[in-house]
Structures are given as structure tokens and as C-alpha cells.
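Per our numbering, the sequence shown starts with residue 1, numbered consecutively. Here is the structure we will look at, set down as C-alpha cells.
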Amino acid sequence: MKVFRGFACLGAGIILASCNQAVPTAGADSVVPANGPTCAPSLVHAPDLVALHAQHPPSMNAPGTLSLNSPKLQQILEPRTSPPAGRLDAVAQLRAAGIPVGVMVAPVIPGINDHEIPAIVAACAKAGAQFAGHVLLRLPWAVAPLFERWLDEHFPERKAKVLERLRHARGGERLYDSRWRKRQTGEGIFAEQIANMFEVACRRGGMTERPKLSIASFRRTHQQLEML
1 MKVFRGFACL
11 GAGIILASCN
21 QAVPTAGADS
31 VVPANGPTCA
41 PSLVHAPDLV
51 ALHAQHPPSM
61 NAPGTLSLNS
71 PKLQQILEPR
81 TSPPAGRLDA
91 VAQLRAAGIP
101 VGVMVAPVIP
111 GINDHEIPAI
121 VAACAKAGAQ
131 FAGHVLLRLP
141 WAVAPLFERW
151 LDEHFPERKA
161 KVLERLRHAR
171 GGERLYDSRW
181 RKRQTGEGIF
191 AEQIANMFEV
201 ACRRGGMTER
211 PKLSIASFRR
221 THQQLEML
């Protein structure tokens, strides 16, 4: 199995298309608040859209996804996705354009990439990221056996340790807990260790809370209603 999260970056293109359609419809002086993921650096390839939002802050947040600082591990965990250097470059470019930028450290996998959290947060802070969050690996339904096979192929010597820690973070028996908030961060000693490490890394990097989006520059339009 070579693809674990190969299609995660498609959302950036979909959001870009939606924003590019929405802004002209509302008028040149109107800005639709948006969250644009930078897991793929495609967001920086829409300079007109970025410049428009930069003129009307805070109308866009750019939370990027970065789960690895090691290019070698990235090729195993996220093949055919943007490398860490490319995502950090996107963070730097968007911040230079005046867009509030953050990072989502996800997925955090105990025993695989959790030790990289301090380095990831530090690198993102150096690139200009202002806020951050983290998500523990989620394994709903058929994803769990796929992940177990991925461990068999790439980290057989770590499999028992990784699965044990994931189960501990999910209540002790199952690999997944669908409860809101619990599914994002987990619970128990290993989840707390990850959360504490992440909090310390953010504090050292000067990370703050995500800025709230403003609708002050948004103008209501009736063009679509007139079409009907």
C-alpha cells in the first residue's frame, strides 16, 4: 500500500475555485471570508485572490496541514503530496502577503511522528505561522485495517507499540472514538503528553489564537436571485 493520505490536498483547489467564483459575483469591493488550506501550495498560485483578501483583513485565514518535518518519512506517510519545504514556503509567501497563517499538525501518530511536533511547530513559526492546532490520528471504520497493513509494510517493529498507544488514547479498547473533541485529541496519558508537548512548542514559537474572520468587507448581492 503506497497511498495513505494521497487526496488530502484536493480541498485547496476546491476552495480556491469557490472563492474565485464568489468574489466577482458579489462585486469588486466585496470580500467573502474564507479559510484556505495550504496543505498544497496551490493557494499561493492565486495572487489576485490573496491580494484582495490582504487588502481587507481579517477576511482570510490560511491554516496549513503539516504532519512531518522529515522528507524521508513524508514519502512513506504521504506520498505524492507537497513536501514539508513546499508547505513551509507557502506559509512564508502567504504571511508576506499579509494573510494570517497557521498550521494544523495532523495526523499525529504516537510512536511514528509525535516526536517531531517541536521541530514542526518551530519550523512553521520561523516561516511566519501565527497559530496552530493538532489532531490525533483518526481511524474510523475501514481506515483502521488499512492503517494496520501500512504499519505491517513500513513499521512492523513498531506496530504493537503504535496500536497500543492509539487504543489507550481512545479509551483502552478501540482504535477510534467518534465523540466530538475526543476524536480530535484523544484522552489518557499519551494524549496528554502529546497535548503538553504541543502547547510548550507553541509557546516557544510565539503562537497565538487563530484570528477571527470579519464580514465587514462583505457586500450582499441579489444577482443570483435575479437570474431565477
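Glycine included, every Cβ here is placed at the ideal spot set by N, Cα and C. Since the model is a prediction, treat every value here as computed from it, not as a measurement.
At the level of alpha carbons, what is the spacing between residue i and residue j?
i: A132; j: E157; result: 31 Å
i: G111; j: K126; result: 26 Å
i: L66; j: E173; result: 28 Å
i: Q74; j: N113; result: 10 Å
i: A97; j: E199; result: 27 Å
i: R210; j: G102; result: 7 Å
i: A216; j: Q130; result: 22 Å
i: P83; j: M207; result: 23 Å
i: K182; j: A142; result: 19 Å
i: A92; j: R203; result: 20 Å
i: E192; j: S214; result: 33 Å
i: E164; j: G171; result: 11 Å
i: V162; j: R80; result: 24 Å
i: E153; j: D89; result: 31 Å
i: I109; j: G186; result: 11 Å
i: M197; j: L77; result: 22 Å
i: V135; j: E148; result: 19 Å
i: F190; j: L137; result: 13 Å
i: A201; j: A123; result: 11 Å
i: S70; j: G205; result: 19 Å
i: D177; j: A106; result: 17 Å
i: A144; j: K159; result: 13 Å
i: E116; j: K72; result: 13 Å
Any idea what DSSP makes of residue i, helix, strand or coil?
i: G111; result: coil
i: T208; result: coil
i: P156; result: coil
i: G13; result: Annotation note: pLDDT 44 at G13 (below 50); position unreliable, coordinate value reported separately. Residue state, collapsed to three classes: helix.
i: A191; result: helix
i: R183; result: helix
i: A216; result: coil
i: E173; result: coil
i: W150; result: helix
i: A144; result: helix
Flag residue i as yes if its beta-carbon sits less than 7 Å from any beta-carbon of chain C, otherwise no.
i: H154; result: Among the chains in the structure shown there is no chain C, since it carries only a single protein chain.
* Length at least 3, wholly inside the region 60-139: the beta strand (DSSP E) runs in chain order -> Secondary structure remark: continuous beta strand (DSSP E) runs of at least 3 residues inside the region 60-139, in chain order: 60-65, 101-108 and 131-136.
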